[in-house]
Every structure is written in C-alpha cells, then in structure tokens.
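Enquirer: Questions regarding the structure given below will be posed in turn.
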Amino acid sequence: MSHEALRVATSHVRALAAKHSQAAEELGAATQRVNGVHTRVRTTHGAVAWAFADAVEALEQARSTAARAIAERSCTLSDALGSAAVRYRTTDESSASNLNKPVNPDRIPFARRPR
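This is the structure in structure tokens:
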C-alpha cells in the first residue's frame, strides 16, 4: 500500500464530468440520425425486402436500447464526478481554513508545554 498523499485537481474532475455529459448527448444524437432505416427500406424496396426491413428494425431497437443505457450511465457518472469535485473543493477549503487558524496548545494533548 502506498502512503503518498492523495492529490485531486478538481478542474480535471469537472472536465471529465463535462466529457461524460457531452458523450451522452452525442450518443443520443447519433442514434437518432440513423433511426428509421427500416422504414426507408420498406418504402423503397417494398414487400420483397420486408423480412430484411424487420431485421433492420430489430437491430435499430436493440441499438437504441443499448445507446440509452450507455447514455444514462454516462450521465450518472458525470453527475457523480461533478459532486465529487464539489466535495473535494469544499474539503480543501475547509481544511485550508482550519490550517490558517491559530493553534491553541491547551487543546493539543501531546503538545509540550514549557515548564
């Protein structure tokens, strides 16, 4: 186990949160752009391609379901990263505030006092 100090750059954590949020948005948009191929196949090819259009429709539905699940997880991760960044910043500010306070030796049980 390493005993190195944990260092967290909250700006980096916020940037990661933004990337996950953007990925979720782009995934949703990309999925919408290619929906409806099965309808176009039916319109342009007619009954001869009906079985193929059914297969394409099933694939579109599966892709849409998977994309929604991935987008939801990306949003959840984005929210968690954003919350973590806020908590790290709050902890850092609180700790810095405590470090800047004068030390009262009477409150430190192990402090050596002059005799």
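Just so you know, the sequence shown maps onto residues 175 to 289 in our numbering. Beta carbons are placed, not taken as given, at the ideal position from N, Cα and C, and that holds for glycine.
1. Around the C-beta of L273, are 16 or more other C-beta atoms found within 10 angstroms, so that it is buried, or is it exposed?
2. Leaving out five residues on either side along the sequence, give the residues of the same chain with a beta carbon under 6 Å from the beta carbon of A191.
3. Could you give the residue range of the alpha helix (DSSP H) that holds V260?
4. Cα-Cα, which of E200, Y262, Q206, W224 is closest to L180?
5. Between the C-alpha atoms of S248 and R207, what's the straight-line distance to the nearest angstrom?
6. Check A203 in the structure and name its three-state DSSP category.
Expert: Reading from the atomic positions:
1. exposed
2. S252, L255, G256
3. 224-273
4. Y262
5. 20 Å
6. helix
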